[in-house]
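Residue numbers (my numbering), protein chains in the order written: chain A, 256 to 688; chain B, 256 to 688; chain C, 256 to 688. Notes follow once the structure below has been shown.
This is how it looks when you write it as structure tokens:
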């Protein structure tokens, strides 16, 4: 009887223990994974809308930097490319980057919600949104450089190819788990994948396109103030501040999760490093232009912020604050001298996108091993070369084809009249006294 | 003895089980409901500040669209109407929409915190904030259409009535659980409730107000570029991007909660559908204006984004991405042809608010049953008719009374001098060479 | 045997209870503290990026308020001061305010992540970010007042001292747990600590600097419209809306945590009080300028919003909505009459920063005891006097030294040519017809 009682007793005890532990365990797991799912998804959405707003930052930066006869067109380009990028990244881009999902086809994900489960850790749609705004950023980068002489619809066509095919291929190499990821290439938020890609595409474009009419004199010196003066410095300024704001989403969101203590700590570090790198870029550009060229060039200070931000983007987590400032400062220096380098080759990058995004992106990516022991210089170099060369060559090829097929450069008359009038029929600033 | 022991034993066991399950249960529930409360409240606040920022978007869109002699006044209107809306929605609006709470009176909620409890699932104040910015959006919509010839203070008076009474009545019909909700009307984030309401109020206003001095020639054709040119396209552009950004809060926040896996998935889908609809609107407007009228009209592209966003607002959750693009594209088409429709009736909507908000809002609301099986076309039609007619008639009545009592139209002299000088005494752009 | 069995039984029971309770307890505690940590950190980051964006708001407000010959310089100042503030707050500021941590030294926190633990409740880096943007806000406030005649680099030098030393000292008095905190001074988000500090530093600056060339006629009346007209009212408007947006982060984030039901409720109340106070400021300024001076002054409406926001910042939690409106309205009134007060002393505050930030800040801080029973008027008065006098005297001293060492005022020629040309070599608005 006692024995029987003991068995009952022990088994009951075990049962209680089992039930309480299991139920507790499962309860916890359920709660945790659901809470984590919500945190991760919310974080993608917040960072996503910050990066989405960078489209406005580019629009303002570029509107302010072009001459007042090409502002409406640059606005049309920026709103248009963001729209085109969103659609193209849905049609093919996401699938090219991540691979066609089971039973998948171009433009899939109908409806989105089906694909998400607690196990993935975040809503697929929130990830799509976050990746899409990165894609759009890449395209935004290349719009400014070619301003004031490129035809609108060929630009839109290139934007569609860049957003739907070129960027997704490069993105797949690394973030889609491709060959660059395999060899240990490290690019946290896309100094090379996003910024150099945009810059290299722009470089190919301006080489084929040629400089604006009358931009360089016979000796090859740029005609600085008139008639190529930036139309509005405050618009450039708000553009840069908006980009700076968006960059917290760009780099912070690239942690890809907010579900743990470690994530929260990491993201906070990313925020301050991102901020300090931009600070370094601004100060470096201010000091250099003042010391070397006499005046404190506000445009270079503003582009210096971008250079600093791009430079830290490859590795915003590992650096110390001091390293972040220095990495950003070098980015600012690169912007100043990169601008002059392009001048010396008579390359007309209207907004300075190539120094700020391509050159500073190369620097940031190569600098990652300095602070991140998991990155190696050789892998970084391979990644930088592979992406820049691939994007440049493919872009050069596409621009060439378009150039030969239907022309990409506006006529002399159109440039003299102003592209706003000829392309959109809308004058940008109609200010009457 | 054994029996007694058994009883003790069993009861103790039950007690343990009860305690452990209860305490676990209650602990979980407590944690969950508190975490859910925080998530929901945080989400209302985030979406609320995004929608609040739409006030800046409208201010910039309208500043850029009016002529340079009426920019200061439009700024005064926009900052003023947002302030008035906030106060009026506190004084009476919230209570009209949701019903006077127990022991309540006009302008109650002192202090707010008393009303909130874990059971409600979110802080009352966070809901008030979110609903208030919707109210302000409604008023913002109607400010641009009447620009350049309406008197400032009569406009403020109308803004107070629209924010405090008209919109809250309509809001109560649906979101306050009124008769439209009962008949199954479906308007997720307010294509009709917010956007058509603002548009219909504006339509009534411009009919009574008449067009700007000299806007139409004798044959009724609008004088397009000069002297009615938009003062600043980049300001319109940043305005549209800010609105686009805010719309993630507008539509996303209308999910009203972020406390579960399902909420997070739904909100993510809403984000991408909202974005894709705007993309569709931009591309449609670009293609149509280029193909039909020769030039790629940047203003129509920008307004096309708004049209797409308004169209998807009635049902941003149910559509597939492709449906979202198409719904938005139709919204963009409606904007382009709606603008011309108003022209043909010599109705002078300075910023295109009526096509973008009222017409596209009607389309979006009627289109909801296509993607949402719970919505019926008949209910949608009733809702659209009821709200548009109610708002139009009441607004027409109020504008008429004001017109007869003290006049709402600025004098010929004031319009020729420029409303900035006569109304605020501050020139908008003082640019010296 | 039974006794032995009973002992085993009882001890086993206790063990189960102990295990289940402990494990449940610890599990819960772990989950809760980690979730709380994530919420708090996320909230600091969200509020931090909102406040960061206020730098853009100040840049636009000031760009719009200065004459068109000094816009590039004000942009350079604003991007520069934000960069300098970020670096200086890292180098010394944070440690001055909070005390040097164990083993700490100037510019420590390498790497940041080491310092954070679940016990602190939030990531240290997220707190640093949030505090840094407050510091930058303080410096932003003082940049506009001295516009159009202060030399750029002396201003940057002062910015570094204000961000790195003066503000951190004042901050340490209260938020670092210093003597003001001990005597019960109450300043929730910094009406005095941030806004009066910025304003008092600016006041000292403009006294030493003197007014712009030709600003006042012989009778001391300001030459209002020409040639000192604000360059762009829409830029002022978007600046104010951006500041208003940022203020939700400024005041909301000062709750310092989002980990509980109570926090979420409190933050929601703060949001609506902050909003209503700004509404009050706008309406008050609109009514007063219309009634007292004939025209509805849009600039005063916009500055009235700032005045209302500054006034509520000292105590945004305790007031009722009605109190918040009234506190803000008084702030708006103070801005209108404070502006005229400065005129009467021939003090040339270009953007109205001193009335809006210093005067309204004093009002808000002294008004805190009206709604918060824990604040006393005497403590508030001591805090207001201590901070304003300390900051004014130290700033006066530093500006004087710089004035005597290398001069802080631009030459007559530079002012006539325009500071954009002489300081940055970049014209702000290059608009060609």
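Each residue gets a CB set at the ideal place from its N, CA and C atoms; glycine is no exception. Predicted model, so just to flag it, every value in this text is computed and none were measured.
CA-to-CA distance, residue 425 (chain A) to residue 565 (chain A), given in whole angstroms: Taking the first chain and counting its residues from 1, one reaches residue 565 (chain A) at position 310. Taking the first chain and counting its residues from 1, one reaches residue 425 (chain A) at position 170. Using only the alpha carbons, I get a separation of about 18 Å.
Coarse secondary structure for residue 349 (chain B), derived from DSSP in three states: Working through the second chain from its first residue, we reach residue 349 (chain B) at position 94. Here residue 349 (chain B) sits in helix by DSSP.
Residue interval of the alpha helix (DSSP H) (run including residue 667 (chain A)): On the first chain, residue 667 (chain A) is found 412 positions in, with the first residue counted as 1. 667-672 is the extent of the alpha helix (DSSP H) around residue 667 (chain A).
Test: residue 557 (chain A) CB closer than 8 Å to a CB of chain C: Taking the first chain and counting its residues from 1, the one referred to as residue 557 (chain A) is at position 302. Answer yes: the Cβ-Cβ gap between residue 557 (chain A) and chain C drops below 8 Å somewhere.
Chain-order list of residues whose beta-carbon lies under 8 Å from that of residue 490 (chain A) (same chain, five-residue window excluded): By one-based count along the first chain, residue 490 (chain A) stands at place 235. Around residue 490 (chain A): 315, 316, 318 and 319.
Beta-carbon separation (whole angstroms), residue 663 (chain B) vs residue 482 (chain B), contact threshold 8 Å: Here residue 663 (chain B) refers to the residue found at position 408 when the second chain is read from its first residue. Here residue 482 (chain B) refers to the residue found at position 227 when the second chain is read from its first residue. Not quite, the Cβ-Cβ distance comes to about 23 Å (not below 8 Å), so this is no contact.
Buried or exposed by the 16-neighbour rule on C-beta atoms within 10 Å, applied to residue 299 (chain A): Translated into positions along the first chain, residue 299 (chain A) becomes position 44. Residue 299 (chain A) comes out buried.
Contact with chain A by residue 530 (chain B), beta-carbon distance below 8 Å: In the second chain, the residue the question calls residue 530 (chain B) occupies position 275. It does; some Cβ of chain A falls within 8 Å.
Whole-angstrom C-beta distance between residue 637 (chain B) and residue 447 (chain B), which should lie under 8 Å: Position 192 of the second chain, counted from the first residue, corresponds to residue 447 (chain B). Position 382 of the second chain, counted from the first residue, corresponds to residue 637 (chain B). The Cβ separation is near 11 Å, so there is no contact.
Residue span of the alpha helix (DSSP H) that contains residue 410 (chain B), given as start and end: Mapped onto the second chain, residue 410 (chain B) falls at position 155. 407-416 is the span of the alpha helix (DSSP H), which, as asked, contains residue 410 (chain B).
Which of helix, strand or coil DSSP assigns to residue 595 (chain C): Numbered from 1 along the third chain, position 340 holds the residue referred to as residue 595 (chain C). Helix.
Cβ of residue 576 (chain A) within 8 Å of any chain C Cβ: Position 321 of the first chain, counting from 1, holds the residue named residue 576 (chain A). Yes, contact with chain C.
For residue 323 (chain C), three-class secondary structure by DSSP: The residue given as residue 323 (chain C) occupies position 68 in the third chain. Residue 323 (chain C): coil per DSSP, three-state reduction.
Interface residues of chain B facing residue 571 (chain C) [CB-CB closer than 8 Å]: Position 316 of the third chain, counting from 1, holds the residue named residue 571 (chain C). Within chain B, no residue comes near residue 571 (chain C); the closest Cβ sits about 12 Å away, beyond 8 Å.
Given residue 389 (chain A) as reference, the closest of A:541, A:305 and A:654 once Cα atoms are compared: Counting from one through the first chain, the residue named residue 389 (chain A) turns up at place 134. Nearest C-alpha to residue 389 (chain A): A:305.
Stretch pair the segment 564-580 of chain B + the segment 437-453 of chain B: three plus CB contacts closer than 8 Å: The segment 564-580 of chain B vs the segment 437-453 of chain B: in contact.
Residue burial classification, residue 610 (chain A) (beta-carbon count within 10 angstroms, cutoff 16): Reading the first chain from its first residue, position 355 is the one you call residue 610 (chain A). Residue 610 (chain A) comes out buried.
Proximity winner among C:577, C:681 and C:457, relative to residue 653 (chain C) (alpha-carbon distances): Residue mapping note: residue 653 (chain C) aligns to position 398 of the third chain, counting from 1. When each option's Cα is compared against that of residue 653 (chain C), the closest is C:457.
Boundaries (first-last residue) of the alpha helix (DSSP H) holding residue 423 (chain A): By 1-based counting over the first chain, the position of residue 423 (chain A) is 168. 422-429 is the span of the alpha helix (DSSP H), which, as asked, contains residue 423 (chain A).
Minimum C-alpha distance to residue 509 (chain B) - residue among B:541, B:488, B:442 and B:535: By one-based count along the second chain, residue 509 (chain B) stands at place 254. That would be B:442, whose Cα lies nearest to the Cα of residue 509 (chain B).
Neighbour flag for residue 289 (chain B) against chain C, beta carbons, 8 Å: Indexing the second chain from 1 puts residue 289 (chain B) at position 34. Interface residue, yes.
Test: residue 381 (chain A) CB closer than 8 Å to a CB of chain C: The count along the first chain starts at 1 and reaches residue 381 (chain A) at position 126. So no, residue 381 (chain A) is outside the interface.
is_contact[residue 500 (chain C), chain B] using C-beta, thresh 8 Å: Start at 1 with the first residue of the third chain, and residue 500 (chain C) comes out as number 245. So, interface residue.
CB contact flag (residue 438 (chain C), residue 634 (chain C), <8 Å): Sequence index remark: in the third chain, residue 438 (chain C) carries index 183 (1-based). Sequence index remark: in the third chain, residue 634 (chain C) carries index 379 (1-based). Contact: yes.
Beta-bridge pairing of residue 684 (chain A) - partner residues as DSSP gives them: Numbered from its first residue, the first chain carries residue 684 (chain A) at position 429. Bridge partners of residue 684 (chain A): B:487.
Spatial distance of residue 341 (chain A) from residue 530 (chain B) (CA atoms): Position 86 of the first chain, counting from 1, holds the residue named residue 341 (chain A). Position 275 of the second chain, counting from 1, holds the residue named residue 530 (chain B). When rounded, the distance between both Cα atoms is 8 Å.
Contact the segment 402-416 of chain B vs the segment 319-329 of chain B: 3+ CB pairs below 8 Å: yes
CB contact below 8 Å: residue 330 (chain B) versus chain C: Here residue 330 (chain B) refers to the residue found at position 75 of the second chain. Residue 330 (chain B) counts as touching chain C.
Residue 666 (chain C) burial status per 10 Å Cβ neighbour count (16 or more: buried): Taking the third chain and counting its residues from 1, one reaches residue 666 (chain C) at position 411. Result: exposed.
C-beta neighbour in chain A for residue 378 (chain B), strict 8 Å: Translated into positions along the second chain, residue 378 (chain B) becomes position 123. It does not; no Cβ of chain A falls within 8 Å.
Which of helix, strand or coil DSSP assigns to residue 664 (chain B): Here residue 664 (chain B) refers to the residue found at position 409 when the second chain is read from its first residue. Correct three-state label for residue 664 (chain B): strand.
Inter-residue Cα distance where the pair is residue 521 (chain A) and residue 505 (chain C): Taking the first chain and counting its residues from 1, the one referred to as residue 521 (chain A) is at position 266. Taking the third chain and counting its residues from 1, the one referred to as residue 505 (chain C) is at position 250. If you take the alpha carbons of residue 521 (chain A) and residue 505 (chain C), they lie about 23 Å apart.
Where residue 605 (chain C) falls, given that 16 or more other Cβ within 10 Å makes a residue buried: By 1-based counting over the third chain, the position of residue 605 (chain C) is 350. So residue 605 (chain C) ends up on the buried side.
Cβ pair residue 658 (chain B), residue 454 (chain B) closer than 8 Å: The count along the second chain starts at 1 and reaches residue 658 (chain B) at position 403. The count along the second chain starts at 1 and reaches residue 454 (chain B) at position 199. Not in contact: residue 658 (chain B) and residue 454 (chain B) (Cβ atoms no closer than 8 Å).
Chain C within 8 Å of residue 463 (chain B), Cβ atoms only: Mapped onto the second chain, residue 463 (chain B) falls at position 208. Not one chain C Cβ lies under 8 Å of residue 463 (chain B).
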